[in-house]
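Chains as they are written, first to last, in this note's numbering: chain D, 696 to 781; chain S, 6 to 276.
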């Protein structure tokens, strides 16, 4: 009955307009968060410098990357700490 | 002569969305409003703006001739046949994008400014390479043309980022080739949808409906902006007024389907 009414009012259930908008939102989120490798490396080094003021880090084990999930993009880092500098 | 030209690059990232048509029509509409206009075809190697204006048979010298010193700027500029106030600087057809450098482009724009134009429009080639860098180099404002379609909106977003990096902030958006009946049927992105995804940094300059007048007027080499009854032409004339700072309401492209039509559709589907 609902779809009957919707059709009577000129609406359809399967809106490709909505699909397009959702897909576009997501892809732009990813596009905007993509960082060139060189810039990523610079950022990694600078973050490292800041952290090293406070903690000693296992540099070889350091892992930093951009992760893309449903509807969100995040910078994810795994930074093993050897000890805290006092 | 007064050097207060507004230098506007017309760009899109994706090809085929209507940059050249927009440049020709907005330029023509402004010329009809007594502004002195120069149109620069920066698509070196893929000359097209001359066709949109019907000037293809009048080209003697082009931009590369000017840059390489074979012609003076004034010799290369072609006066439009429809409106007195419009001049075209054509692209070279037999060269490629590397024939002009950023510095040379800036020099050409500077010389055009000294000619006393009110507006200088630069029709940017598709893509984000050298041609884009050249076309944006001399500009102080940007118009981004997009279609209500995923790939072109995505490219517009990328272009907006690149413009920003070049110091061209808050570009103005033209949504071209809108099909109101498809939007109404939820089959096409609306202008609001496009604005939503591109964000608030972009100002809406115009909405141009998909209109067969654009094809027929391009066939004739006479921009639709000169055709009084043309919907797209009206949209471009409105853009011209908005560029002059006037408040012009956006065209009412609302499709009104009657209850009866919907009834017919309903039974067509239910059959």
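Quick reminder that beta carbons are idealized off the backbone N, C-alpha and C, glycines included.
Query, Result
"Cβ-based burial, residue 729 of chain D [other Cβ within 10 Å; buried from 16]", "exposed"
"C-beta contact flag for residue 157 of chain S and residue 206 of chain S at 7 Å", "no"
"For residue 737 of chain D, three-class secondary structure by DSSP", "helix"
"Sub-7 Å separation of residue 12 of chain S and residue 161 of chain S beta-carbons", "no"
"Rounded separation between residue 25 of chain S and residue 128 of chain S - CA only", "6 Å"
"Interface flag, residue 46 of chain S vs chain D, CB-CB below 7 Å", "no"
"Proximity of residue 212 of chain S and residue 183 of chain S at Cβ, strictly below 7 Å", "yes"
"Sufficient close CB pairs (3 or more, under 8 Å) joining the stretch 23-37 of chain S to the stretch 162-171 of chain S", "no"
"Close Cβ partners of residue 214 of chain S (< 8 Å) along its chain, the five nearest in sequence each way excluded", "182, 183, 184, 185, 236, 237, 240, 256, 258"
"Chain S contact for residue 763 of chain D (CB, 7 Å cutoff)", "no"
"Chain S within 7 Å of residue 769 of chain D, Cβ atoms only", "no"
"For residue 712 of chain D, three-class secondary structure by DSSP", "helix"
"Neighbour list for residue 200 of chain S in chain D, Cβ cutoff strictly below 9 Å", "The contacting residues do not exist; residue 200 of chain S stays about 11 Å from chain D at best."
"Interface partners of residue 192 of chain S on chain D, CB under 7 Å", "711, 712"
"Contacts around residue 753 of chain D, its chain only, beta-carbon distance under 6 Å, and the 5 residues preceding and following it disregarded", "775, 777"
"Opposing strand residues paired with residue 43 of chain S [DSSP bridges]", "S/92, S/125"
"8 Å contact criterion, which residue 223 of chain S and residue 180 of chain S should meet: CB distance rounded", "With 8 Å as the limit, residue 223 of chain S and residue 180 of chain S do not qualify as a contact, their Cβ atoms being about 19 Å apart."
"Terminal residues of the beta strand (DSSP E) in which residue 146 of chain S lies", "146-151"
"Residue 726 of chain D: contacting residues in chain S (beta-carbon distance under 8 Å)", "159, 162, 163"
"Residue 62 of chain S classed as buried or exposed, judged by whether at least 16 other C-beta atoms fall within 10 angstroms", "exposed"
"Residue 84 of chain S, buried or exposed, once every other Cβ within 10 Å from all chains shown has been counted against 16", "exposed"
"Beta-bridge pairing of residue 211 of chain S - partner residues as DSSP gives them", "S/179"
"Where the beta strand (DSSP E) containing residue 785 of chain D begins and where it ends", "There is no way to answer for residue 785 of chain D, as the model of chain D reaches only from 696 to 781."
"Beta carbon of residue 58 of chain S nearer than 7 Å to that of residue 46 of chain S", "no"
"Residues of the stretch 733-755 of chain D with Cβ closer than 9 Å to any Cβ of chain A, in chain order", "As a matter of chain content, chain A is missing from the structure shown, whose protein chains are D and S."
"Residue burial classification, residue 140 of chain S (beta-carbon count within 10 angstroms, cutoff 16)", "buried"
"CB contact check: residue 719 of chain D to chain S, cutoff 7 Å", "yes"
"Partner residues on chain D for residue 188 of chain S, Cβ-Cβ distance less than 9 Å", "712"
"Contact with chain D by residue 155 of chain S, beta-carbon distance below 7 Å", "yes"
"Residue(s) in a DSSP beta bridge with residue 8 of chain S", "None; residue 8 of chain S has no bridge partner."
"Contact set for residue 187 of chain S: own chain, Cβ-Cβ below 6 Å, skip 5 residues either direction", "193"
"Segment limits, alpha helix (DSSP H) that includes residue 248 of chain S", "236-248"
"Contact belief for residue 231 of chain S with residue 177 of chain S at Cβ below 8 Å, rounded distance in angstroms", "Incorrect: roughly 23 Å between the Cβ atoms, too far for contact."
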